[in-house]
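Protein sequences appear in the order of chains A and B.
Note that my numbering numbers the first sequence so that position 247 is 247, with each residue one more than the last.
Note that my numbering numbers the second sequence so that position 6 is 6, with each residue one more than the last.
Using N, Cα and C, we set each Cβ at its ideal position, and we do this for glycine too.
Computed from a predicted model, the values in this text were never measured in an experiment.
Below is one structure, written out as structure tokens; comments come after it.
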Amino acid sequence: MQETGFPVLSVLIFFPIGAAALLMLSRANEFAARMFTLCAGLIEIAFAIPLITRFQLGNPGFQFTEFAEWVPRLGLSYHLAVDGVSYLMVLLTVLLLPLCVLCSWTYIGRRVKEFHVNLLFMTAACVGVFSALDFVLFYVFWEAMLVPMYLLIAIWGGDQRRYASLKFFLYTLAGSTLFLAAIVAFYTQTGTFSIPELMNSEFSRTFQYWTFGAMALAFAIKVPMFPFHTWLPAAHVQAPAAGSVILASVLLKMGTYGFLRFCLPITPLAAEHFAPLMIGISIASIIYGGFVALGQQDMKKLIAYSSVAHMGFVTLGIFMFNQRGLEGALFVMLNHGIVTGALFMMVGAIYERSHSREIVENMGLGKYLPAYMGFFGLFAVASFGFPGLNSFVGEALVLIGAFQDKLLIGLLAIPGAMLAAAYMLRLGLKMAWGQPASPKGRGWADLNLREWVYLAPMAVLTVYLGLAPGIVMKVVSPSVGKVLADYNAKIERASAVAENEATPREVAEARLNAAGLSLDETSNDLNAAAAALR
Amino acid sequence: MNPEYRLDLCWPELFQLGIIVLLFIQALAKGERPKNVNWVPYFAAGGIVVSVLSLGFTGTIFYGAYSVDKLSQFFKLAVAVGFAITSLNAVKPPDIEGDKRPDYMLFLAFSAFGLMVLASAVELITIYVALEISSYSVYALIPLRANDRHAAEGGIKYIMFGAVATAVALFGYAYVLAGAHSSYIADLQGLTLTFQAQPWVVVGLSLFLVGFLFKLALFPFHFWCPDVYEGTANETAAFAATLPKLGAAVVLVRFAALIVPGWPIATFLAVLGAVSMTFGNLAALAQRDVKRLLGYSSIAHAGYIMMGLVSGTAEGLAAASFYALVYVLMNLACFWVICRISHTGKNITLDDLDGLAQREPALAVVLAVGAFALVGLPPTAGFMGKLFLLQSLWDNGYNWLVIVAVLNTAIAIYYYLGLVRHAYTHEKDVPRNAVRASVSAQVWGTVLAIVLLVLGAAPAPVFDLAMQAGVALLP
Numbered sequence: 001m002q003e004t005g006f007p008v009l010s011v012l013i014f015f016p017i018g019a020a021a022l023l024m025l026s027r028a029n030e031f032a033a034r035m036f037t038l039c040a041g042l043i044e045i046a047f048a049i050p051l052i053t054r055f056q057l058g059n060p061g062f063q064f065t066e067f068a069e070w071v072p073r074l075g076l077s078y079h080l081a082v083d084g085v086s087y088l089m090v091l092l093t094v095l096l097l098p099l100c101v102l103c104s105w106t107y108i109g110r111r112v113k114e115f116h117v118n119l120l121f122m123t124a125a126c127v128g129v130f131s132a133l134d135f136v137l138f139y140v141f142w143e144a145m146l147v148p149m150y151l152l153i154a155i156w157g158g159d160q161r162r163y164a165s166l167k168f169f170l171y172t173l174a175g176s177t178l179f180l181a182a183i184v185a186f187y188t189q190t191g192t193f194s195i196p197e198l199m200n201s202e203f204s205r206t207f208q209y210w211t212f213g214a215m216a217l218a219f220a221i222k223v224p225m226f227p228f229h230t231w232l233p234a235a236h237v238q239a240p241a242a243g244s245v246i247l248a249s250v251l252l253k254m255g256t257y258g259f260l261r262f263c264l265p266i267t268p269l270a271a272e273h274f275a276p277l278m279i280g281i282s283i284a285s286i287i288y289g290g291f292v293a294l295g296q297q298d299m300k301k302l303i304a305y306s307s308v309a310h311m312g313f314v315t316l317g318i319f320m321f322n323q324r325g326l327e328g329a330l331f332v333m334l335n336h337g338i339v340t341g342a343l344f345m346m347v348g349a350i351y352e353r354s355h356s357r358e359i360v361e362n363m364g365l366g367k368y369l370p371a372y373m374g375f376f377g378l379f380a381v382a383s384f385g386f387p388g389l390n391s392f393v394g395e396a397l398v399l400i401g402a403f404q405d406k407l408l409i410g411l412l413a414i415p416g417a418m419l420a421a422a423y424m425l426r427l428g429l430k431m432a433w434g435q436p437a438s439p440k441g442r443g444w445a446d447l448n449l450r451e452w453v454y455l456a457p458m459a460v461l462t463v464y465l466g467l468a469p470g471i472v473m474k475v476v477s478p479s480v481g482k483v484l485a486d487y488n489a490k491i492e493r494a495s496a497v498a499e500n501e502a503t504p505r506e507v508a509e510a511r512l513n514a515a516g517l518s519l520d521e522t523s524n525d526l527n528a529a530a531a532a533l534r
Numbered sequence: 001m002n003p004e005y006r007l008d009l010c011w012p013e014l015f016q017l018g019i020i021v022l023l024f025i026q027a028l029a030k031g032e033r034p035k036n037v038n039w040v041p042y043f044a045a046g047g048i049v050v051s052v053l054s055l056g057f058t059g060t061i062f063y064g065a066y067s068v069d070k071l072s073q074f075f076k077l078a079v080a081v082g083f084a085i086t087s088l089n090a091v092k093p094p095d096i097e098g099d100k101r102p103d104y105m106l107f108l109a110f111s112a113f114g115l116m117v118l119a120s121a122v123e124l125i126t127i128y129v130a131l132e133i134s135s136y137s138v139y140a141l142i143p144l145r146a147n148d149r150h151a152a153e154g155g156i157k158y159i160m161f162g163a164v165a166t167a168v169a170l171f172g173y174a175y176v177l178a179g180a181h182s183s184y185i186a187d188l189q190g191l192t193l194t195f196q197a198q199p200w201v202v203v204g205l206s207l208f209l210v211g212f213l214f215k216l217a218l219f220p221f222h223f224w225c226p227d228v229y230e231g232t233a234n235e236t237a238a239f240a241a242t243l244p245k246l247g248a249a250v251v252l253v254r255f256a257a258l259i260v261p262g263w264p265i266a267t268f269l270a271v272l273g274a275v276s277m278t279f280g281n282l283a284a285l286a287q288r289d290v291k292r293l294l295g296y297s298s299i300a301h302a303g304y305i306m307m308g309l310v311s312g313t314a315e316g317l318a319a320a321s322f323y324a325l326v327y328v329l330m331n332l333a334c335f336w337v338i339c340r341i342s343h344t345g346k347n348i349t350l351d352d353l354d355g356l357a358q359r360e361p362a363l364a365v366v367l368a369v370g371a372f373a374l375v376g377l378p379p380t381a382g383f384m385g386k387l388f389l390l391q392s393l394w395d396n397g398y399n400w401l402v403i404v405a406v407l408n409t410a411i412a413i414y415y416y417l418g419l420v421r422h423a424y425t426h427e428k429d430v431p432r433n434a435v436r437a438s439v440s441a442q443v444w445g446t447v448l449a450i451v452l453l454v455l456g457a458a459p460a461p462v463f464d465l466a467m468q469a470g471v472a473l474l475p
């Protein structure tokens, strides 16, 4: 535990809320609302600087801890902290806020103030999710984030925005209601909502099975894993650019974060038990997402389905239960956030020019919009895991983890990587060198300064993390190691307990069975022998 | 002062009686001009202060029939808060002629007074009388809507069902008296309340409770609820939908202290609760009239409150009390918006909410907070209330009811979200001469929304009060 004096995580959560409230009450015009939110985003990044400078590399535990009683009678506390698992996601969330403002600058033309209020609330809730260490507090942020996201899709989305937003809301909320029952069940078993304390408790096998089921359903919908993914393409396609960016970069990560933070440490026996199932649907997600992406004509749909596949790699890595797999999962989470977020920004940028997301309407850009196509090419290539760029590291680690565990699993996941190359290259090639659908394409302007400003950081991160993944590994590895060590210790203890609990009869039966005998027959034989002796 | 008549313990009731007297005088005054009742909310706010100051009072008066304890003071405070909001809501009901406003307000105040008495009543006949005081006023209010056939229908339904329910309650009282030879709850506490040991008392109590389950609109005593909400004026519905539930909740909480979990009566209530929430939510899915929708949703919420009652622990009773208070507040938030939008007193349908976010941004936020609180979505008070209920019930033998409740939340999202969906995502051109809500209406609505959010973020002080009440009942 480490005291910082400056409650950096609380500030990161409550500063955007305060800014949103101020903006809501103000009579700001459109330009002022944009500028205000942009400044708020930059200040938010400034507030996050202590997070970067004071993070202790090599410390596997929770840092920047903040603790206060909330409802003491019921054991609720306001407990925030980050470790290597959540740290990078908090930074990514904070980084995205100003970029989202910039990429919506001309994209959003109506109800501008409300839009930015929602963006600010969204950021606050996302930081809260990744830093909460009290189960109820986590759930509060987890659910609170639904409302701004719902409004982002439902008000500023495409033609079918109402359908898509409703589907998004119903799916995710319905998924997490049972999660609440599981939280309450944990409380009645242990008397605490504290996540670190729950991580140190041990629960019976059946209890773990069903709590795991309740949690996993909520997380699987959020990730989304096949077959719970149907809300995602609809939501992505209909959402405005900034909405898609947050959805892809941060929201989907909450599901995999949940698996890592809760399912592995708190219900390890169930995680082990259900791992084959989870691996199976992870691979199904990878293959299914890849194939469906290959057939898409809509750019956003293509990227949305590719997300299903990429997130399949994350869950695959998590349920391999080895160091490489988990590191890879976290790496993919971060990099998918960067690359896919950037791709959605690019789709938004071209949509502003062509007013269409169909691939055929946006072809032949290489000649007329070279800078745009340059960025697009970089992100597309990064997305399918080109060596030297960030996604390669993560997927490679996951695959190494998979091969370490079982050759078959690794072999099954490989086609996913190839499919990714196929659909991304197809998209990139058509956009760069296809025949322009109409001559109007030639009149479009190339990237302007604003677009450079929000794309450049993403591009720098894409290249930098690809070439120097060590920095991420230094953050992630210790915490992953700890998660894994705790997990293995619990599994071992459970099996040791199971052995000790065997009754003498069971032990005798097991020994006789091993020798090909049955207890009843043997005892009959012994009785007969004793009778004969008498 | 004779200790049996220590009226100084009853300040909230006496204060409320004072408001009634003033209204009575105003109602008798001659004159055709519209009478101004704007002063009532201020006095009602004073009633909140009085209730807060008398939170710590304890004592038993009127020969044990009237108990001033933590539970009663908690509920009196809740009633005072609810009355303040409803009276603020009803200062200018468009359905009611101007010279009848003091009469209208008088009935509201009188009903609230009955509910305060109900909170302290611990003897069956006292409870019965208090229930009737609070009910009769509402019977008079419900048909008070100019030239509306639905109002007559609602009024008749409410009176008929109400009369039957109270008759059954009285019938049950006779059995209790026959079996237990006493009508004091304290005496019943000493009995073993199983059917084998005390058949008359168990049957009698069950029948007596019907009167309150009717008020709470628990399945199968819910028939009146959607029709009455639909038929009555918006302001009256705001009252009838909220405050009487507090009265029912307090009596049920007192009786629940008698119930041991696992006893047939507890299981019976648990089953009714489960059916009630499921039926209420499913029926609400199909509604277009917002008040009808809230009517069905209140049937579902009656089911949720049952969760705290059947758990039979102090936490459960506290959770039920807390939830009853929160329910009143979140429902009033929704009704506040309905009454402000409906300038002519007409019923509001979902389509009337279209474009509310542009037309009345503040009211739209209030509606959204109210609706999300009713779903039980964090960070609102509704979430905390539901969390406390689930928590109290889990591992007390009714885990299935928790699962039913949780699944019901998933069903309920759709129609509550419908309110927000229409307000925010269905856009409509605003007519230039549209009537706007007054600044004070926006401000008070916002205050209500903020209270819901604050109770969600920091429920500890209020929940502690409820908890003290629960612990006092179940030592």
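Delimiting residues of the alpha helix (DSSP H) encompassing residue i
i      : result
A:F168 : R161 to T190
A:V82  : Note, A:V82: premise wrong, no alpha helix (DSSP H); beta strand (DSSP E) at L76 to V82.
B:H422 : N399 to Y424
B:A362 : P361 to V375
A:H236 : W231 to Q238
B:H150 : R149 to A180
A:S249 : Counting along the chain, A:S249 falls outside any alpha helix (DSSP H), and DSSP gives it neither H nor E.
B:N234 : N234 to A240
Where residue i meets chain B, residues with beta-carbon distance less than 8 Å
i      : result
A:F169 : I413 and L417
A:R27  : Per Cβ cutoff of 8 Å: no residues; A:R27 is ~11 Å from chain B at best.
A:T177 : V406, L407, T409 and A410
Beta-carbon proximity list for residue i, same chain, < 8 Å, skipping 5 on both sides
i      : result
B:G496 : Outside the modelled stretch of chain B, which goes from 1 to 475, sits residue 496 of chain B, for which no answer is possible.
B:I48  : L77, A80, V81 and A84
B:S183 : E123, L124, I125, Y173, V176 and L177
A:G377 : G428 and A432
Buried versus exposed, by CB contacts within 10 Å (16 or more), residue i
i      : result
B:M160 : exposed
B:N347 : buried
A:V85  : buried
B:A482 : The structure shown does not extend to residue 482 of chain B, since chain B spans only 1 to 475, so no value can be given for it.
A:H229 : buried
A:Q2   : Low confidence applies here, because A:Q2 scores a pLDDT of 45, under 50, leaving its location unreliable; read the following figure in that light. So A:Q2 counts as exposed.
A:G58  : exposed
Within chain B, partners of residue i - CB distance below 9 Å
i      : result
A:V147 : A368, F372, L377 and V420
A:L162 : Sequence inspection shows Arg at residue 162 of chain A; the Leu mentioned does not correspond to that position. Those within 9 Å of A:R162 in chain B are R421, T425 and H426.
Contact set between residue i and chain A, taken where Cβ atoms lie within less than 8 Å
i      : result
B:I265 : Under the 8 Å cutoff, chain A gives no residues; its nearest Cβ is about 24 Å from B:I265.
Proximal chain B residues relative to residue i, where beta-carbon distance stays under 7 Å
i      : result
A:I155 : Y424 and T425
Enclosing beta strand (DSSP E) for residue i [first to last residue]
i     : result
A:T65 : Q63 to V71
Chain-order list of residues whose beta-carbon lies under 6 Å from that of residue i (same chain, five-residue window excluded)
i      : result
A:P148 : N118, F121 and M122
B:G370 : M330, A333 and C334
Neighbouring residues, chain A, relative to residue i (Cβ below 9 Å)
i      : result
B:W476 : Nothing can be reported for residue 476 of chain B: it is not among the residues displayed for chain B, which extend from 1 to 475.
B:I403 : L178 and A181
Own chain partners of residue i with C-beta closer than 7 Å, once the 5 adjacent residues on each side are dropped
i      : result
A:R324 : L397, I400, G401 and Q404
Residue ranges of each alpha helix (DSSP H) within the region 19-73 of chain B, 4 or longer: 39-53
Every unbroken alpha helix (DSSP H) inside the region 100-135 of chain A [4 residues or more]: 112-131
Extract the residue ranges of the alpha helix (DSSP H) inside the region 284-357 of chain A, only unbroken runs of 4 or more that lie entirely within it. 299-318 and 323-354
Go through the region 284-329 of chain B residue by residue and report every complete run of the alpha helix (DSSP H) that reaches 4 residues or more, in order. 290-311
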